[in-house]
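2 protein chains.
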Amino acid sequence: MDTIGFEQHDHKSCVQGALSAVEAQCAAHKLQFTPVRRRVLEILLSEHRAMGAYEILDVLRDEGLGSQPPVAYRALDFLVSHRFAHKVERLNAFIACTHPGQTHTPAFLICRNCDAVAEAHAEPTRGILGKAADEAGFAIEQAVVEAVGLCPNCREGHPACA
Amino acid sequence: MDTIGFEQHDHKSCVQGALSAVEAQCAAHKLQFTPVRRRVLEILLSEHRAMGAYEILDVLRDEGLGSQPPVAYRALDFLVSHRFAHKVERLNAFIACTHPGQTHTPAFLICRNCDAVAEAHAEPTRGILGKAADEAGFAIEQAVVEAVGLCPNCREGHPACA
DNA sequence: TGCTGATGCGTTATGATATTACATACAATG
DNA sequence: CATTGTATGTAATATCATAACGCATCAGCA
Ligand SMILES: [Zn+2]
Ligand SMILES: [Zn+2]
Ligand SMILES: [Zn+2]
Ligand SMILES: [Zn+2]
Chain W
-9 MDTIGFEQHD
1 HKSCVQGALS
11 AVEAQCAAHK
21 LQFTPVRRRV
31 LEILLSEHRA
41 MGAYEILDVL
51 RDEGLGSQPP
61 VAYRALDFLV
71 SHRFAHKVER
81 LNAFIACTHP
91 GQTHTPAFLI
101 CRNCDAVAEA
111 HAEPTRGILG
121 KAADEAGFAI
131 EQAVVEAVGL
141 CPNCREGHPA
151 CA
Chain A
-9 MDTIGFEQHD
1 HKSCVQGALS
11 AVEAQCAAHK
21 LQFTPVRRRV
31 LEILLSEHRA
41 MGAYEILDVL
51 RDEGLGSQPP
61 VAYRALDFLV
71 SHRFAHKVER
81 LNAFIACTHP
91 GQTHTPAFLI
101 CRNCDAVAEA
111 HAEPTRGILG
121 KAADEAGFAI
131 EQAVVEAVGL
141 CPNCREGHPA
151 CA
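Those protein sequences? They're chains W and A, same order as listed.
Just so you know, my numbering puts 35 at position 45 of the first sequence, and the rest follows in order with no gaps.
Just so you know, my numbering puts 4 at position 14 of the second sequence, and the rest follows in order with no gaps.
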């Protein structure tokens, strides 16, 4: 099941599966999956939405795991740089990756009504953007693809908005 | 000539052309192209790069056109909402549109070495992202497409980076 | 003319996001 | 057991953005 995010699902196993995958990745690549890093990923996974760094920090602080911004940002940097989480630029927020370990270019569908975020996939080097980059002689290394709109639930709920 | 941005060009006429186009648009749509708004666009056009709001504000302040952040942000909101400028989310910065008036979905090629930004075009509702959105029942209204990499000049200058 | 609403601007204050810099802890290496 | 590299703790600061209020201007209208 390769859900892209707005459907109902077995959240508990979704969290467990992602955690296990990340653990395996860290073990395989000798990455230190420290308590803070692990906890931040757990928070992101369990909330299943994009969260600001300070929002995460609030949780860490309550749990005695850290109280200053760098604690949260460092953990997030680790997760993002290893693709266990992604930054949603449009929201200045972070979200757990829905398929850690697989190399991929995330693309996000962001609901402007309920703030739900789903992770899809982009292939930046293909399509019209890749063509433009080729013509310009630009070497794409990384891409941010984020669509803002209405998620299926909100289209139903507020048909006027659709 | 539909340049997408890294080449040398006749910058003076590039600025003039864009300004004229925006003036015409404003006249046609009864938009108030006030001195502050005009000056902010001129600054963005003449610098021909992505600039932070405070950087723009510094210029305005020197010229006696405004000294507090809301002055810059309000002018930028106007320019962005009418598509005379765009926000580059990845840089938290703003850049003049290279073809104001035409309805379009901008996509940016951002050089990580020299910070040059070129505007290309995306068609978010097509391609793999549009397909994913359709399948998910998500209605795309707007898209952020930003590629980070090396521009042609920097690829030459630092071949090791390429 | 005088009222009224809409829009833009001036200013203060504050909020939200992110980083620098330096000190400390600790495990792995030799 | 000294050295080194990596992670964490903490204070301070930098950067990006908005809320809220009041005033000025101008168009539409009684
Ligand atoms: Zn992902
Ligand atoms: Zn929604
Ligand atoms: Zn444009
Ligand atoms: Zn460059």
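C-beta atoms are modelled at their ideal positions from N, C-alpha and C, and glycine is treated no differently.
Keep in mind that this is a model prediction, so the values were computed, not measured.
Collapsed DSSP secondary structure at residue i in the structure displayed
i: leucine 50 of chain W; result: helix
i: phenylalanine 98 of chain W; result: strand
i: glycine 139 of chain W; result: strand
i: glutamate 79 of chain W; result: helix
i: valine 132 of chain W; result: The residue you asked about is not valine; residue 132 of chain W is glutamine in the sequence shown. It is a strand residue.
i: glutamate 109 of chain A; result: strand
i: alanine 43 of chain W; result: helix
i: phenylalanine 84 of chain A; result: strand
i: histidine 89 of chain A; result: coil
i: proline 114 of chain A; result: coil
i: serine 36 of chain A; result: helix
i: glutamine -2 of chain W; result: coil
i: cysteine 4 of chain A; result: helix
i: phenylalanine 23 of chain A; result: coil
i: cysteine 144 of chain W; result: helix
i: glutamine 58 of chain W; result: coil
Proximity test, Cβ basis, 7 Å: residue i and chain A
i: proline 60 of chain W; result: no
i: glycine 91 of chain W; result: no
i: cysteine 141 of chain W; result: yes
i: proline 114 of chain W; result: yes
i: glutamine 132 of chain W; result: yes
i: phenylalanine 84 of chain W; result: no
i: glutamate 79 of chain W; result: yes
i: valine 135 of chain W; result: yes
i: leucine 34 of chain W; result: no
i: leucine 66 of chain W; result: no
i: alanine 123 of chain W; result: yes
i: serine 10 of chain W; result: no
Separation of residue j from residue i, as counted between CA atoms
i: histidine 38 of chain W; j: isoleucine 33 of chain A; result: 41 Å
i: leucine 21 of chain A; j: lysine 77 of chain W; result: 36 Å
i: histidine 111 of chain W; j: alanine 123 of chain A; result: 10 Å
i: alanine 126 of chain A; j: glycine 139 of chain W; result: 12 Å
i: valine 5 of chain W; j: arginine 73 of chain A; result: 41 Å
i: alanine 62 of chain A; j: phenylalanine 23 of chain A; result: 14 Å
i: valine 30 of chain W; j: isoleucine 85 of chain W; result: 10 Å
i: lysine 2 of chain A; j: glutamate 109 of chain A; result: 18 Å
i: alanine 129 of chain W; j: alanine 137 of chain A; result: 9 Å
beta-carbon residue i near ligand 5 non-hydrogen atom, thresh 6 Å
i: alanine 43 of chain A; result: This structure simply doesn't include ligand 5; it includes ligand 1, ligand 2, ligand 3 and ligand 4 instead.
Nonlocal neighbours in the same chain, by C-beta distance under 6 Å from residue i, ignoring five residues either side
i: glycine 91 of chain W; result: Ala11, Gln15
i: cysteine 141 of chain A; result: Phe(-4), Cys101, Ala106
i: arginine 27 of chain A; result: Ala65, Phe68
Residue i, buried or exposed, once every other Cβ within 10 Å from all chains shown has been counted against 16
i: alanine 96 of chain W; result: For the record, residue 96 of chain W in the displayed sequence is proline; it is not alanine. Looking at its Cβ environment, which holds 16 or more other Cβ atoms inside 10 Å, proline 96 of chain W is buried.
i: proline 60 of chain W; result: exposed
i: threonine 88 of chain W; result: buried
i: alanine 17 of chain A; result: exposed
i: glutamate 146 of chain A; result: exposed
i: cysteine 54 of chain W; result: Rather than cysteine, the amino acid found at residue 54 of chain W in this sequence is glycine. Exposed: under 16 other Cβ atoms inside 10 Å.
i: arginine 116 of chain A; result: exposed
Sequence-distant residues of its chain with Cβ nearer than 7 Å to residue i (five each side left out)
i: alanine 83 of chain W; result: Ala40, Met41, Gly42
i: leucine 144 of chain W; result: Here residue 144 of chain W turns out to be cysteine, not leucine, going by the sequence shown. Cys101, Asn103, Cys104, Cys151.
i: arginine 51 of chain A; result: Ser57
i: glutamate 79 of chain W; result: Val134, Glu136
Any chain W beta carbon closer than 7 Å to residue i
i: isoleucine 118 of chain A; result: yes
i: alanine 126 of chain A; result: yes
i: valine 138 of chain A; result: yes
i: phenylalanine 178 of chain A; result: For chain A, the structure presents residues -9 to 152; residue 178 of chain A sits outside this window and is missing.
i: alanine 129 of chain A; result: yes
i: alanine 97 of chain A; result: yes
8 Å CB neighbourhood of residue i in its chain, flanking five on each side removed
i: glutamate 113 of chain A; result: Thr95, Gly120
i: tyrosine 44 of chain W; result: Pro59, Ala62
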